[in-house]
Each structure stands twice: as C-alpha cells, then as structure tokens.
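In our numbering, the protein residues as written are 43 to 306. Structure first, commentary second.
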C-alpha cells in the first residue's frame with residue numbers, strides 16, 4: 043500500500059471495544075439528547091455506529107483545532123438534522139461552520155435545534171447540493187471539510203466531482219474528515235455485515251412500532267448497496283490520492299463504517 047495511505051488497526055480495535063461496552067449515558071449523549079432530542083435517540087437505537095461516527099468527526103475536528111490559535115472555518119456536507127453539526131460546533135468555541143444540505147425539511151429542523159449557535163453567528167446554512175455549494179467557494183479558502191454519512195449517498199461520478207472540489211476549496215494542510223459507509227473490500231464479509239445491520243433494524247424498529255422508519259431505512263439501503271453508489275474502501279482511498287490528498291488514513295472501522303481523514 044502507498045505510504046500515504048494507512049489503515050489504523052489500533053484505532054479500529056479501540057472503537058470496537060468502546061462500542062462493545064455500550065455506555066448508556068455520557069456528557070456527549072446528554073448534550074445531544076437535550077439539543078437534537080428524538081432524532082439522536084432514534085439514531086442511537088437504530089445505528090449506534092452512525093452516532094459514533096458523528097462523534098468521531100467532531101473529535102477529529104477538535105484535534106485539528108487544538109494547535110491553532112486562529113479561528114477555524116469548517117464546511118459540512120450533508121448537515122441533515124444537525125447531529126454531526128453539533129458535534130463539530132462542540133469541537134472548538136471559535137470555529138465557524140457552513141452546513142450544506144439540499145433537503146429543506148431536515149435543514150429546517152437543524153436550524154431550529156441549533157438556534158443558539160445561529161444567534162452566536164457560528165453556523166450558517168446553504169440549501170444547495172454539495173457540488174454546487176462547493177463550486178461557489180473560492181480556492182484554498184476552508185480549513186476543514188467534514189461530513190458524516192453523505193458521500194456514500196452520491197452516485198459514483200458525482201462523488202468524484204465532489205472530491206475534486208473538496209481538494210480545491212481546502213487550504214494547504216487543510217483536512218477532509220469523513221465518517222461514512224466505507225464498504226468492505228471483501229464482498230462476502232461486507233454482505234454478512236450488512237445482513238447483521240438489517241437484522242438490527244428489524245429488531246429495534248418493530249419493538250418501537252416504527253414500521254414507517256423501517257421501510258425508509260430498507261429502501262435507502264438498497265440505494266447504498268447499488269453498484270453505482272456503493273463506496274468500496276480501497277477505491278475510495280485511491281480516489282482521494284488521485285485528486286491530490288496526502289496522509290490518507292482510514293481508522294475506527296466498525297463493521298461497514300469507518301473514519302477517513304485526508305490532508306491537502
């Protein structure tokens with residue numbers, strides 16, 4: 043493997059061990075439950091690994107900010123209802139965030155949940171699609187571009203354009219931080235993992251009598267797993283290298299989920 047491409051097995055093992063403990067409460071959970079409420083509770087029940095990836099994105103942004111005195115500018119792709127947005131905002135008191143999402147229902151919910159940070163001038167919203175929003179930004183203008191569970195939704199050719207724009211917009215030494223579905227390159231292992239995931243959806247959502255949510259997640263999963271959408275890990279890392287990223291690291295592997303950080 044190229045020296046600039048690394049898979050952090052230690053971090054992956056630590057994440058798996060941490061999730062196996064499945065703590066019922068933490069300061070992080072308390073913050074999110076108070077701000078995001080039911081959405082965060084449901085996400086934790088349906089897909090605890092997804093909630094963990096949102097936390098890891100925020101933690102990674104915090105590490106980026108740690109040794110920098112100047113305020114950091116962050117762009118978030120696919121802000122949704124604000125779960126990852128809140129994780130990012132909590133990373134550093136000086137950073138500013140542009141949250142991009144072209145789904146108005148979810149973005150309106152995020153605006154309501156994050157009103158405190160709107161009032162403080164720390165977060166702005168864009169209703170454009172990811173590619174159009176990135177194309178409107180100037181070269182070398184953003185410190186961090188972060189995302190959770192957005193890129194895997196993109197059709198492959200659109201995703202490649204987005205990656206090119208991410209690299210263009212980032213400042214030198216800026217980072218792309220993404221917690222997402224990075225499909226296992228071992229197809230059989232990936233299939234088994236996905237089957238376990240679906241089994242979990244049925245168990246949790248039938249107990250909660252939320253068949254409407256179950257239907258939505260299953261239909262969405264068909265799109266995630268389709269040939270023109272699935273984001274295989276090896277190819278995804280290769281594409282980051284091809285557009286110019288260095289120090290590309292995949293870590294915290296949790297079944298089909300992983301954290302990827304790439305530096306410009």
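Cβ atoms here follow ideal geometry from the backbone N, Cα and C, with glycine treated the same way.
Beta-carbon proximity check, residue i vs residue j, cutoff 8 Å
i, j, result
"residue 213", "residue 168", "no"
"residue 130", "residue 100", "yes"
"residue 173", "residue 203", "yes"
"residue 88", "residue 205", "no"
"residue 227", "residue 276", "yes"
"residue 220", "residue 193", "yes"
"residue 191", "residue 92", "yes"
"residue 175", "residue 133", "no"
"residue 272", "residue 225", "yes"
"residue 211", "residue 179", "yes"
"residue 118", "residue 188", "yes"
Secondary structure of residue i, DSSP reduced to three states
i, result
"residue 242", "helix"
"residue 170", "coil"
"residue 215", "strand"
"residue 185", "strand"
"residue 231", "helix"
"residue 222", "strand"
"residue 272", "coil"
"residue 129", "helix"
"residue 67", "Only weak support exists for where residue 67 lies, its pLDDT of 47 falling under 50; the value from the coordinates is given anyway. Here residue 67 sits in coil by DSSP."
Residue i to residue j span [Cα, whole Å]
i, j, result
"residue 302", "residue 145", "25 Å"
"residue 164", "residue 230", "44 Å"
"residue 196", "residue 135", "31 Å"
"residue 238", "residue 232", "10 Å"
"residue 240", "residue 112", "44 Å"
"residue 290", "residue 209", "13 Å"
"residue 305", "residue 243", "35 Å"
"residue 75", "residue 139", "In this prediction, residue 75 scores a pLDDT of 40, lower than 50, which makes its location untrustworthy; no coordinate-derived value is stated."
"residue 157", "residue 259", "28 Å"
"residue 252", "residue 207", "38 Å"
"residue 95", "residue 297", "12 Å"
"residue 201", "residue 250", "35 Å"
"residue 255", "residue 267", "18 Å"
"residue 236", "residue 120", "23 Å"
"residue 90", "residue 84", "9 Å"
"residue 257", "residue 162", "38 Å"
"residue 108", "residue 278", "28 Å"
"residue 269", "residue 223", "14 Å"
"residue 159", "residue 110", "21 Å"
Residue interval of the beta strand (DSSP E) (run including residue i)
i, result
"residue 178", "Looking at the DSSP string, residue 178 is not in any beta strand (DSSP E), and its letter there is neither H nor E."
"residue 294", "288-296"
"residue 123", "From DSSP, residue 123 is part of no beta strand (DSSP E); its letter is neither H nor E."
"residue 141", "138-142"
Same chain, Cβ closer than 6 Å to residue i, five either side skipped, listed in chain order
i, result
"residue 123", "81, 148, 151, 152"
"residue 126", "96, 99, 190"
Residue span of the alpha helix (DSSP H) that contains residue i, given as start and end
i, result
"residue 211", "198-211"
"residue 304", "Where residue 304 is concerned, there is no enclosing alpha helix (DSSP H), although the beta strand (DSSP E) it sits in stretches over 299-305."
"residue 260", "253-266"
"residue 146", "146-155"
"residue 100", "90-108"
"residue 281", "275-285"
Cβ neighbours of residue i in the same chain (closer than 7 Å, five flanking residues each side left out)
i, result
"residue 72", "In this predicted model, residue 72 has a pLDDT of only 42, less than 50, meaning its place in the structure is not dependable enough to derive any value."
"residue 86", "93"
"residue 186", "103, 106, 114, 116, 216, 217, 219"
"residue 171", "144"
"residue 281", "202, 205"
"residue 274", "225, 227"
Distance cut-off 7 Å: residue i Cβ against heavy atoms of the ligand NAD
i, result
"residue 199", "You won't find the ligand NAD in this model; it holds no ligand whatsoever."
Contacting residues, own chain, Cβ-Cβ under 8 Å from residue i (five flanking each side not counted)
i, result
"residue 286", "209, 306"
"residue 265", "195, 271"
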